[in-house]
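Protein chains in written order, with the working numbering: chain A, 1 to 334; chain B, 335 to 668.
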């Protein structure tokens with residue numbers, strides 16, 4: 001019998017179709033790996049082909065917008081949103097609109113075109129998180145910007161248009177609907193139980209172990225109970241914290257380690273799939289909140305979401321998360 | 335300046351990125367057309383390869399599960415949900431689950447393997463809607479089934495696994511989150527203004543004309559103001575009605591005509607793209623509602639939704655709906 005499971009945070013229902021269970025080999029596609037060969041604006045020597053950098057790590061010193069960096073953050077050349085201008089909210093009959101004020105930046109994670117994030121060193125992966133944190137801390141000084149989403153599209157199937165490994169950051173003048181739903185859902189739980197739903201999930205998952213992929217000093221990686229997608233994996237900080245950018249130094253170091261380990265497990269089990277990765281955090285102008293708990297969501301791109309999913313927000317997942325967790329655990333640290 | 339637009343029904347924000355505007359030719363991919371050649375369980379003569387039919391149209395008469403049909407509805411051989419069993423709702427610590435009780439059926443739209451829905455006659459397209467209506471009216475007698483989603487995935491990129499043209503229907507024991515959001519959003523509008531938001535949209539779009547694709551006696555086809563995707567198209571009945579299955583005979587006839595015309599326009603402008611099509615309607619156990627208005631949503635599959643969209647429910651659409659509407663209008667009736 002298929003099972004309907006409810007996500008306790010958003011209230012979203014998911015069908016776990018164990019009878020049509022799909023194993024990793026059912027999903028293997030073309031590996032998402034760089035092939036090189038085309039001109040790349042993210043490679044060293046091509047710094048002038050991007051807008052001027054807003055941040056770079058140059059352990060050996062050197063001048064801005066020249067080679068010598070190990071990580072570089074630049075505005076997106078084709079931004080979805082722009083920093084200039086005012087919001088100019090207005091109605092249009094039944095509709096509402098405002099100007100697309102915001103920021104859209106790219107984190108170039110390494111100078112080496114041929115490496116993927118999972119192939120970088122622990123220190124390099126940690127640096128990617130520091131760069132995201134540094135940019136959030138800078139951007140939130142602009143009080144118009146209310147929410148910052150940090151995400152990574154890896155591989156063309158996951159929406160990446162350039163193959164040189166990079167993450168992105170979009171700062172928005174509104175709190176987007178999905179983020180607001182998570183905030184509202186976790187607040188309702190908190191109002192009723194006076195506990196953080198994510199902290200309760202951490203406790204329950206740690207006790208049961210069935211959906212645990214990996215545990216480190218400061219983090220727990222699980223396949224969520226109501227996984228929307230096969231091999232969907234979340235990384236949750238053990239210490240309650242509403243804002244990613246409030247992470248402490250030992251946490252940031254440990255985050256680099258566990259993220260790299262999880263991506264390498266996914267690479268191994270699913271033969272280097274395309275994936276999307278997102279940091280779910282709290283609105284940047286708000287103070288610390290007891291009810292929300294930042295975390296990372298990783299979604300390997302294995303199936304085509306279809307009309308049913310779009311139309312209903314009701315996902316059919318052919319791989320029970322307990323099985324996905326077992327495959328990811330069994331592959332060991334690679 | 336990019337523009338942020340708010341969907342008045344769900345509150346979802348969308349970025350209309352006019353400066354990165356994409357024209358139809360930017361989206362052309364492999365056409366989604368049948369190639370034949372592989373064994374097809376939906377072809378006449380192979381009736382025994384599907385579960386026994388629950389409905390068929392045989393204008394010339396004939397026996398069930400034998401050739402002679404023009405349209406056939408069968409249970410999905412690999413259903414996401416099953417009719418047998420009881421719901422058995424239960425908690426599991428912080429989580430909720432229930433058995434996957436429901437129905438999952440397939441409407442085989444024509445015996446001809448090589449045709450797509452847009453290539454069928456008006457009468458055949460109308461018959462597809464009659465079949466959906468007939469199945470809804472039958473299934474809703476099971477009081478456990480609260481919501482029925484009717485959808486079509488056309489082409490592999492849109493999630494179709496069999497190329498013989500077909501639609502699907504899933505009957506659920508819960509009202510899914512997205513449907514509930516639309517119901518709630520339109521109720522809030524109604525409570526405040528005592529008018530249906532969709533009726534107001536029909537009035538405003540008809541007056542402005544900028545986003546009108548096609549108008550028929552009983553329907554208006556538009557590209558919605560806060561389109562999530564390039565060339566997203568909605569077909570709305572002019573007469574207020576909360577339930578698709580309550581459509582009247584002249585409406586059903588006219589619906590076959592306009593749906594076929596819209597699909598042929600999309601085929602022409604975008605060179606036969608893959609697409610998802612959904613009927614958004616009201617929970618089947620509820621009576622007529624003044625605040626909700628059933629409609630069809632068609633989403634050509636042109637871009638890969640990426641981490642940002644998944645993570646936030648905030649869509650970036652590179653084609654302003656006014657431009658999409660113009661392209662679709664200009665191609666004329668084909």
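Every residue gets a Cβ at the ideal spot worked out from N, C-alpha and C, and that includes glycine.
On a predicted model such as this, the values are computed, not experimentally measured, just so you know.
- The C-beta of residue 28 of chain A comes no closer than 9 Å to any C-beta of chain B.
- Contact annotation for residue 536 of chain B against chain A: no contact, minimum CB-CB distance about 10 Å [criterion: below 8 Å].
- Here the C-alpha atom of residue 185 of chain A lies approximately 46 Å from the C-alpha atom of residue 67 of chain A.
- For residue 56 of chain A, the pairing in a beta bridge is given by DSSP as A/72.
- With a 10 Å radius around the Cβ and a threshold of 16 neighbouring Cβ atoms, residue 71 of chain A comes out buried.
- In the three-state reduction of the DSSP assignment, residue 224 of chain A falls in the coil class.
- By alpha-carbon distance to residue 154 of chain A, the top candidate from A/288, A/117 and A/183 is A/117.
- Spatial neighbours of residue 637 of chain B in its own chain (CB-CB distance under 8 Å, excluding positions within 5 residues in sequence) are listed in chain order as 361, 563, 564 and 652.
- Using a Cβ-Cβ cut-off of 9 Å, residue 98 of chain A counts as an interface residue toward chain B, since at least one Cβ of chain B sits closer than that to its own.
- For residue 149 of chain A, the closest of B/383, B/643, B/444 and B/396 by C-alpha to C-alpha distance is B/643.
- In its chain, beyond the 5 residues on either side, 212, 215 and 220 have a beta carbon closer than 8 Å to the beta carbon of residue 206 of chain A.
- For residue 157 of chain A, the three-state secondary structure derived from DSSP is helix.
- Taking a C-beta distance under 9 Å as the contact criterion, residue 398 of chain B and residue 390 of chain B qualify as a contact pair.
- Look at residue 380 of chain B here: in three-state DSSP terms it is coil, with no helix or strand label.
- For the C-beta of residue 93 of chain A, the chain B residues within less than 7 Å are, from N- to C-terminus, 538.
- DSSP places residue 628 of chain B in no alpha helix (DSSP H); its state is neither H nor E.
- Here the segment 234–246 of chain A does not lie against the segment 444–462 of chain B, with fewer than 3 beta-carbon pairs under 8 Å apart.
- Taking a C-beta distance under 9 Å as the contact criterion, residue 313 of chain A and residue 340 of chain B do not qualify as a contact pair.
- Taken through DSSP and simplified to helix, strand or coil, residue 620 of chain B comes out as coil.
- Taking the C-beta atoms as reference points, residue 279 of chain A is found no nearer than 9 Å to residue 233 of chain A.
- Approximately 5 Å separates the beta-carbon atoms of residue 509 of chain B and residue 481 of chain B; this is inside 8 Å, confirming the contact.
- Considering only beta carbons, the part of the segment 335–348 of chain B lying closer than 9 Å to chain A consists of 335, 336, 337, 338, 339, 340, 341, 342, 344, 345, 346 and 347, in chain order.
- The contact set of residue 351 of chain B on chain A, defined by CB atoms closer than 9 Å, consists of 78, 79, 80, 81 and 100 in chain order.
- If you check each beta-carbon in the segment 216–249 of chain A against every beta-carbon of chain B, the ones closer than 8 Å belong to 225 and 226.
- By the C-beta criterion, the segment 158–169 of chain A is judged to be in contact with the segment 92–108 of chain A, since at least 3 inter-stretch pairs fall below 8 Å.
- Within 10 angstroms of the beta-carbon of residue 462 of chain B lie 16 or more other beta-carbons, which makes it buried.
- Contact between residue 80 of chain A and residue 650 of chain B holds, since their C-beta atoms are separated by about 5 Å, short of 8 Å.
- For residue 571 of chain B, the enclosing beta strand (DSSP E) stretches over residues 567–571.
- Distance from the CA atom of residue 633 of chain B to the CA atom of residue 611 of chain B, rounded to whole angstroms, is 6 Å.
- For residue 524 of chain B and residue 181 of chain A, the gap between their C-alpha atoms comes out near 22 Å.
- Secondary structure note for residue 421 of chain B: it is in no beta strand (DSSP E), with a DSSP letter that is neither H nor E.
- Among the bridge pairs identified by DSSP, residue 96 of chain A is matched with A/91 and B/340.
- Close to residue 197 of chain A, with beta-carbon spacing below 8 Å, are these residues of chain B in chain order: 428.
- Among the residues of chain B, none has a CB under 7 Å from the CB of residue 139 of chain A; the nearest is roughly 16 Å distant.
- In the DSSP assignment, residue 147 of chain A is bridged to A/172.
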